[in-house]
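Here is the structure we will look at, set down as structure tokens.
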Amino acid sequence: MRSPLIIFFHILLLSILFSEPLKIKVVFNRHYGEICAFLKSECSEILDELENRMIHDLNELGKREKLSFLTTLSGQPYTSFQITMRMENLNEILLSAYQYKENLGFLRFVKSDEKRFDKLKDFESSLMERIALIRLKFGDYDGYLRLTYRSSVDEYPWFSKDRRFMCFISDRGTGNRDLHILDLENFGILRLTTTKSSEYFPRFSPDGKTVIFQSTKTGRWSIWMVDLDRFEGSYLKSLNPDGKGNLYTPFWDESGIYFSMEKNGEYGIYLFKDGILEKLFSRNVEMFSPFHFDNGILFTMVKPKGDTGIFLLKDGKAIPFEDTPFNEFDPIISEDGRWFAFVSNREGKFFLWLRSMITGKLYEIPPPSDGDIFYPSFMNDENIAFTFYPTGKEPDIWIYNFRSIIEMDGKFEKFLRVLENLKSLFNEEAMK
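One gets the working numbering by counting positions in the sequence shown from 1 and adding 1 to each.
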């Protein structure tokens, strides 16, 4: 029997799903220090201005996602935040944010700081990211959902097999591309590496306890790994024994670690398994982003005219898999094997594309606004994350629910079956 709390929570979610826009309650608390106690009128005026600015900023951020931030609200809100503004003097304010009793972070807001409003926007963005994680966890969205809101670079999403974690690369806080972990169980984002190098293309181990990634830590492009509970990276020297190659775009599943390597002008796809390094394929052209699945290894390769195509490596041979006069990148296959995803500029901009492995039909997923999409990652069999590069702005991570595409393809599959049955009937009649 379900507890009353669970029943209430489910009823609350159902009521939220059909409300437009979702209403977020923000409660502002104020605390004044000794100096401000004597200058309460001046201090209140400063906090009034700051409070109004924050509500304005949050509503601007929430417009696309149909979120409305309110200081007063009748009825049950989607979620509530408390923002405490502590003012010790006329120049310095300490902001802290809570969701219920959980501390979401703080910001020391100094009026004389020229970057104070940029810092304030990042503080506000942390609330937006918390809301996005809640919506992602409970599937409370249709179509697009933006996951990151900072003014930083956020890119290269990849989910663990159990869907609890998403690793990604961000320069938030440090200005340097570090590995971060998004935790859907605790609705938090944690920085996992803090180095002066730059990290790219993170991928989880099959058990979800380790992340492998491309890095410049050794001076060359190399592949490193870090355990989620150790915060300490280790260099995978076995992948590059003589240290002379440049290693790129790792991929890790139960069959081993796949990656591309360039050495002395030769590019190749390699497999490292049980302490043995094996070259699977090589040519004197760039190749990268290997993805292993039941039917072989998909990878991207530069063609003679300089454009790129996606090829299938099987039995030592590279066969064109998605190859047009345009550019194709980032091949991945959904866990159920039904969907092949990639990016292509066949429409001018780089869009995300899904091809049904059942019907062969191709579906287009354009960017949420003007810009390009790269680096897709399946969260599950109906949600796909990607990096969106809006024109003139830093990239963010979004997710797209393609349930409507699944339904369309299901109908198309039934139509093909009808045609196949009719064809069989005609053939039988013709043979009589």
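Just so it is clear, CB atoms sit at the ideal spot from N, CA and C, and this is done for glycine as well.
If you drop the 5 nearest sequence neighbours on each side, which residues of the same chain put their C-beta closer than 8 Å to that of VAL303?
Hits under 8 Å: VAL286, GLU287, MET288 and THR309.
So what does ASN328 bridge to, in DSSP terms?
Partner(s): none; ASN328 has no beta bridge.
Please classify SER256 as buried or exposed, where buried requires at least 16 neighbouring CB atoms within 10 angstroms.
Exposed, by the Cβ-count rule.
Quick test of your reading: ILE385 and TYR364, contact by CB under 8 Å. State the CB separation rounded to the nearest angstrom.
Their Cβ separation, rounded to whole angstroms, is 11 Å, which puts ILE385 and TYR364 out of contact at 8 Å.
How about PRO22 and SER75: do their beta carbons lie closer than 8 Å?
No.
If you draw a straight line from the alpha carbon of LEU420 to that of ASP295, how long is it in whole angstroms?
Going by the C-alpha atoms only, they are around 29 Å apart.
Please tell me whether ILE311 and PRO291 are closer than 8 Å, where the distance is taken between their beta carbons.
No; because the gap between Cβ atoms is not below 8 Å, this pair is not in contact.
Can you tell me the Cα-Cα spacing of ASN422 and PHE413, whole angstroms?
When rounded, the distance between both Cα atoms is 14 Å.
Flag this pair as touching only if the stretch 206-217 and the stretch 156-170 have three or more C-beta atom pairs under 8 Å; answer yes or no.
The stretch 206-217 vs the stretch 156-170: in contact.
Who does CYS168 pair with in a DSSP beta bridge?
DSSP, once it has assigned bridges, lists TRP159 and ILE182 as partnering CYS168.
Among residues of its own chain, excluding the 5 on either side of LEU13, which ones have a beta-carbon nearer than 7 Å to its beta-carbon?
Residue confidence is low: LEU13 scores 47 on pLDDT, short of 50, so the model does not pin down where it sits. Its coordinate-derived value is still stated next. Counting only Cβ-Cβ distances below 7 Å, and skipping sequence neighbours, we find GLN77.
Note the first and the last residue of the continuous alpha helix (DSSP H) segment covering GLU130.
Per DSSP, GLU130 belongs to the alpha helix (DSSP H) from 117-138.
State the Cα-Cα distance for the pair MET88 and ASP123, rounded to the nearest angstrom.
Rounded to the nearest angstrom, the two C-alpha atoms are 20 Å apart.
If you reduce the DSSP assignment to three classes, tell me which class LYS412 lands in.
Note: LYS412 maps to helix in three-state DSSP.
Who pairs with GLU89 in a beta bridge, going by DSSP?
According to DSSP, which records beta bridges pairwise, GLU89 is partnered with nothing at all.
For the stretch 194-224, which segments carrying the beta strand (DSSP E) assignment without a break, of at least 3 residues, lie completely within its bounds, in sequence order?
The stretch 194-224 contains these whole beta strand (DSSP E) runs: 200-205 and 211-216.
Compute the Euclidean distance between the alpha carbons of ASN53 and ASP324, then round it to the nearest angstrom.
Approximately 53 Å, taken between the alpha carbons.
Using only the alpha-carbon positions, how far apart do LEU18 and ARG136 sit?
Because the pLDDT of LEU18 is 45, which lies under 50, any placement of that residue in the model is unreliable, and the question is left without a value.
Here's the rule I'm using: 16 or more other beta-carbon atoms within 10 Å means buried, otherwise exposed. How should LEU191 be labelled?
Label assigned to LEU191: exposed.
CB GLU200 to CB ARG147, shorter than 8 Å?
Cβ distance not < 8 Å, so GLU200 and ARG147 don't count as in contact.
Need the endpoints of the beta strand (DSSP E) that ASN346 sits in, please.
Segment 340-348, the beta strand (DSSP E) holding ASN346.
Should GLN215 and THR175 be called a contact, given that it needs their Cβ atoms to be closer than 8 Å?
Going by C-beta atoms, GLN215 is not nearer than 8 Å to THR175.
Would a check of beta-carbon distances place PHE282 closer than 8 Å to chain B?
Structure shown: chain B not included; a single protein chain is present.
From SER153, ASN177 and ARG204, pick the residue whose C-alpha is nearest to that of MET380; which is it?
Here the closest residue by C-alpha is ARG204.
In whole angstroms, give me the CA-to-CA distance for PHE322 and LEU183.
Computed Cα separation, rounded: 33 Å.
Measure the C-alpha to C-alpha separation of PHE82 and GLU103 and round it to an integer number of angstroms.
If I take the Cα positions, the gap works out to 10 Å.
For LYS24, count the other beta carbons within 10 Å of its own beta carbon; 16 or more makes it buried, fewer makes it exposed. Which is it?
Buried, by the Cβ-count rule.
Taking just the CA atoms, how far does ASN177 sit from GLY106?
Approximately 21 Å, taken between the alpha carbons.
Should ASN30 be labelled buried (16 or more other beta-carbon atoms within 10 Å of its own) or exposed?
Under this definition ASN30 is an exposed residue.
State the start and end residues of the unbroken beta strand (DSSP E) segment that holds MET288.
It spans 288-294 - the beta strand (DSSP E) in which MET288 sits, taken as one unbroken run.
Excluding the 5 residues preceding and the 5 following SER425 in the sequence, name in chain order all residues of the same chain whose CB lies nearer than 6 Å to its CB.
So the list is empty, once near-sequence residues are dropped.
Return the first residue and the last residue of the beta strand (DSSP E) that ASP373 is part of.
Segment 372-381, the beta strand (DSSP E) holding ASP373.
DSSP three-state label for LEU62, please.
Reduced to three states, the DSSP call for LEU62 is helix.
Which of the three DSSP states, helix, strand or coil, is assigned to ASN177?
DSSP places ASN177 in coil when its eight states are reduced to three.
Which of helix, strand or coil does DSSP assign to GLU336?
Reduced to three states, the DSSP call for GLU336 is coil.
From which residue to which residue does the beta strand (DSSP E) around ASN402 run?
Start and end: 397-402.
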